[in-house]
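> Protein chains in written order, with my numbering: chain P, 1340 to 1573; chain E, 5 to 409. The structure that follows is given in the form of structure tokens.
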Ligand SMILES: Nc1ncnc2c1ncn2[C@@H]1O[C@H](COP(=O)(O)OP(=O)(O)O)[C@@H](O)[C@H]1O
Ligand SMILES: [Mg+2]
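Right under this line is the structure:
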């Protein structure tokens, strides 16, 4: 479970203060699939970064699996990230100098699994995304959709409880986007909680639950099937 | 968790920079290790003692002129004056000076006859004060007695019948018997002229510091009836600089039929004789320092470049669970791998260059332990150089993963 109460996040530069999140409240339950929409600059990425322990916050309370994370040091945060959270990025973020096997291996090594265990997990994760036969390929040799599948395999190989995705289909064409979405739905069905930022309402509709962020706040909640406000397409 | 495998594989897909740095490390190691070896060798050579009380000894030349100049009475009067001077430990007339660069050498042999080879030896003509003035110790046999001392005429071909040798010379002449047993034995100079070894001294170097036989020296019991001659003066500690002008003035005024010149301390002689060696040490040190700095900067440059190029990758690794420590270790380890290739290559090149130097310049072969020490030092240079960029990499925010395109 992921609970945020009145989270505040301010970006300060010499000239301006940006209130990226103001009193952000959200509860994501076990097994949920939440699609987050909202205009550009509304704070979606900031929310996801805080949820994924990539960024700290100024006020409020964040409980990840019941644990208050605000006081943790870098090492503990990194470990928590590694064990409980899988990340998927808009531009895939595969490491260009590593083949698919080594890419999926990255989080597993930080986890400290032994070689046999890592190999087993890498193979089954790549199997799941249909790329087991391309383990020795470099990311550049794959299409965007395939790269994102590798990224999903990498995110899931450690069997995290949460999968956080920031516009995972943003760089893909419609067909590939939908096939990635199908994959995410399967993963969710298998028990992984997913929070996905997207600007594609048709994909958002496929999620179990939609939230809409504006001006750093969760302004409206929608159940599946309801129409999204126009601003979601911004 | 060490990630040697993936780091190595990633490096192999991006090798140009890494290979260049590895080669630079190898060349630097080759030059540094050989330089250090040469410096150590030169330094050892420069550290050798002459046997003299170097800090408190100087010498001065006297050149007589004119019909009435009497070398014998001049030397006798000069020595009497010098030895009586307060602050002077002892003074002698001598034909040449250790480590000064110029002197006499002869060959000594244990059997008479021109068919035998002689062993080269530096000749010092001194009277019974020689032992004290030169600050050497008679470790077997005895010093010359005043009655042993003869006058040597200019261009005389003959030699006295007694000689004192350095221990090193004795050991060369009689390698098969204990050195102390040489006292009383006869050696031959000029092929056939016998000299009986009356004493052995601990140490006295020849005038030529680059000579292989620099430890071979003999004392011949004589004073010289030469118009041009030299005195060696040993003073009490701290008195040398005060006495030098005093002695110069005294000798100049005591006898108007000669010129006093060429006054120099043994320390100056040492400095002059080893000037080439100290220059070489300075040059090699400079080259080493510059090379090390250049290599370190190269490592810093490559690492900074690769950190900047991989900002997003670093953010992604952080997002996937790498702690700051893990990122720091990644770059330290990557450098370690590059350095390892460099120092292994460097070890080979170092040995190669040394063999080349041994064959072309008659240098000594390098001691084996220079190689591992050199490898260790260059590994360390690499780790120190990469630490800054690695720290910056570790400081890259995890959010870089989501905030950059
Ligand atoms: N590192 C940063 N420094 C300053 N302002 C930032 C930074 N990151 C994000 N912001 C600002 O915070 C606000 C929210 O950004 P973000 O969460 O990325 O929005 P979204 O993902 O919804 O487009 C924006 O106004 C953005 O400009
Ligand atoms: Mg965003």
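C-beta: ideal position from N, C-alpha, C; glycine also.
(1) For chain E, find out if any of its Cβ atoms is closer than 8 Å to the Cβ of residue 1410 of chain P; answer yes or no.
(2) For a quick check, are the C-beta atoms of residue 393 of chain E and residue 308 of chain E less than 8 Å apart?
(3) Can you give me the C-alpha to C-alpha distance between residue 109 of chain E and residue 127 of chain E, rounded to a whole angstrom?
(4) Classify residue 410 of chain E as helix, strand or coil using the three-state DSSP reduction.
(5) Can you find the residues in the same chain that come closer than 6 Å, C-beta to C-beta, to residue 1495 of chain P, ignoring five residues on each side of it along the sequence?
(6) For residue 383 of chain E, report the span of its alpha helix (DSSP H) as first-last.
(7) Kindly indicate the opening and closing residues of the beta strand (DSSP E) around residue 293 of chain E.
(8) Residue 231 of chain E to residue 35 of chain E, Cα distance in whole Å?
(9) Count the other CB atoms, across all protein chains shown, that sit within 10 Å of the CB of residue 30 of chain E; report buried if there are 16 or more and exposed otherwise.
(10) Compute the distance between the beta-carbons of residue 117 of chain E and residue 195 of chain E, then report whether it is under 8 Å.
(11) Do the CB positions of residue 2 of chain E and residue 172 of chain E come within less than 8 Å of each other?
(12) Is there a C-beta anywhere in chain A that falls below 8 Å from the one on residue 286 of chain E?
(13) Extract the residue ranges of the alpha helix (DSSP H) inside the region 65–106 of chain E, only unbroken runs of 4 or more that lie entirely within it.
(14) How many Å lie between residue 293 of chain E and residue 287 of chain E at the Cα?
(15) For residue 406 of chain E and chain P, any beta-carbon pair shorter than 8 Å?
(16) Quick check: the region 1473–1483 of chain P against the region 1361–1368 of chain P, are there 3 or more CB pairs under 8 Å?
(17) Considering only C-alpha positions, which residue in the set E:341, E:398, E:405, E:371 is nearest to residue 44 of chain E?
(18) Who are the Cβ neighbours of residue 220 of chain E in its own chain at under 7 Å, not counting the five residues just before and after it?
(19) Compare the beta carbon distance of residue 1475 of chain P and residue 1440 of chain P with 8 Å and say whether it is the shorter of the two.
(20) Which one of E:275, E:151, E:251, E:80 has the shortest CA to CA distance from residue 265 of chain E?
(21) Please identify the residue among E:184, E:302, E:222 whose C-alpha is closest to the C-alpha of residue 143 of chain E.
(22) Cα separation between residue 256 of chain E and residue 181 of chain E?
(23) Does the distance between the C-beta of residue 399 of chain E and the nearest non-hydrogen atom of ligand 1 fall short of 7 Å?
(24) By the DSSP assignment, the beta strand (DSSP E) with residue 1440 of chain P in it spans what residues?
(25) Does ligand 2 have even one heavy atom less than 7 Å from the beta-carbon of residue 1302 of chain P?
(26) What residues does ligand 1 have around it, judged by CB closer than 5 Å to any heavy atom, in chain order?
(27) Any heavy atom of ligand 2 closer than 7 Å to the CB of residue 1505 of chain P?
(28) Evaluate the contact criterion for the region 9–18 of chain E versus the region 1398–1410 of chain P: three or more CB pairs, one atom per stretch, below 8 Å.
(29) Going by other Cβ atoms of all chains shown within 10 Å of its Cβ, with 16 needed for buried, is residue 155 of chain E buried or exposed?
Reading it off the structure:
(1) For the purposes of this step, residue 1410 of chain P is taken as residue 71 along the first chain, with counting starting at 1. Residue 1410 of chain P does not count as touching chain E.
(2) Reading the second chain from its first residue, position 389 is the one you call residue 393 of chain E. Reading the second chain from its first residue, position 304 is the one you call residue 308 of chain E. Cβ atoms of residue 393 of chain E and residue 308 of chain E: closer than 8 Å.
(3) Taking the second chain and counting its residues from 1, one reaches residue 109 of chain E at position 105. Taking the second chain and counting its residues from 1, one reaches residue 127 of chain E at position 123. Using only the alpha carbons, I get a separation of about 5 Å.
(4) Beyond the ends of chain E as shown, which are 5 and 409, falls residue 410 of chain E; an answer cannot be given.
(5) As a first step, residue 1495 of chain P is located in the first chain; it is residue number 156 there, counting from the start. Take residue 1495 of chain P, set aside five residues on each side of it, and the residues of its chain with a beta-carbon closer than 6 Å to its own are 1425, 1464, in chain order.
(6) Against the second chain, residue 383 of chain E aligns to sequence position 379. Segment 374–398, the alpha helix (DSSP H) holding residue 383 of chain E.
(7) As a working mapping, residue 293 of chain E is identified with position 289 in the second chain. Unbroken run through residue 293 of chain E is the alpha helix (DSSP H), 279–313; no beta strand (DSSP E).
(8) Reading the second chain from its first residue, position 227 is the one you call residue 231 of chain E. Reading the second chain from its first residue, position 31 is the one you call residue 35 of chain E. Residue 231 of chain E and residue 35 of chain E have their alpha carbons spaced roughly 52 Å apart.
(9) In the second chain, the residue the question calls residue 30 of chain E occupies position 26. Classification for residue 30 of chain E: buried.
(10) Here residue 117 of chain E refers to the residue found at position 113 when the second chain is read from its first residue. Here residue 195 of chain E refers to the residue found at position 191 when the second chain is read from its first residue. Cβ distance < 8 Å, so residue 117 of chain E and residue 195 of chain E count as in contact.
(11) Coverage of chain E is limited to positions 5 through 409, which leaves residue 2 of chain E absent and any answer about it impossible.
(12) Among the chains of the structure shown, chain A does not appear; the protein chains present are P and E.
(13) 75–88
(14) Taking the second chain and counting its residues from 1, one reaches residue 293 of chain E at position 289. Taking the second chain and counting its residues from 1, one reaches residue 287 of chain E at position 283. In a straight line, the C-alpha of residue 293 of chain E is about 10 Å away from that of residue 287 of chain E.
(15) Walking along the second chain from the start, residue 406 of chain E turns up at place 402. Cβ-Cβ to chain P under 8 Å: yes for residue 406 of chain E.
(16) By the criterion of at least three beta-carbon pairs nearer than 8 Å, the region 1473–1483 of chain P is not in contact with the region 1361–1368 of chain P.
(17) Taking the first residue of the second chain as 1, we reach residue 44 of chain E at position 40. Residue E:371 is the option with its Cα nearest to residue 44 of chain E.
(18) Reading the second chain from its first residue, position 216 is the one you call residue 220 of chain E. Excluding sequence neighbours, residue 220 of chain E sits near 123, 124, 125, 126, 170, 172, 173, 176, 210.
(19) Taking the first residue of the first chain as position 1, residue 1475 of chain P is located at position 136. Taking the first residue of the first chain as position 1, residue 1440 of chain P is located at position 101. Yes.
(20) Walking along the second chain from the start, residue 265 of chain E turns up at place 261. Per the Cα distances, E:251.
(21) Translated into positions along the second chain, residue 143 of chain E becomes position 139. Checking every option, the nearest Cα to that of residue 143 of chain E belongs to E:184.
(22) Taking the first residue of the second chain as position 1, residue 256 of chain E is located at position 252. Taking the first residue of the second chain as position 1, residue 181 of chain E is located at position 177. In a straight line, the C-alpha of residue 256 of chain E is about 50 Å away from that of residue 181 of chain E.
(23) Translated into the one-based positions of the second chain, residue 399 of chain E becomes position 395. Outside the cutoff, so no.
(24) Position 101 of the first chain, counted from the start, is the residue given in the question as residue 1440 of chain P. Taken as a continuous stretch (DSSP letters only), residue 1440 of chain P belongs to no beta strand (DSSP E), being part of the alpha helix (DSSP H) at 1439–1450.
(25) The requested residue 1302 of chain P does not occur in the structure, where chain P is confined to residues 1340 to 1573.
(26) P:1350, P:1357, P:1359, P:1379, P:1380, P:1381, P:1382, P:1383, P:1384, P:1385
(27) The count along the first chain starts at 1 and reaches residue 1505 of chain P at position 166. Yes, since a heavy atom of ligand 2 falls inside the 7 Å radius drawn around the Cβ of residue 1505 of chain P.
(28) no
(29) The residue labelled residue 155 of chain E in the question sits at position 151 within the second chain. When all chains shown are included, residue 155 of chain E counts as exposed.
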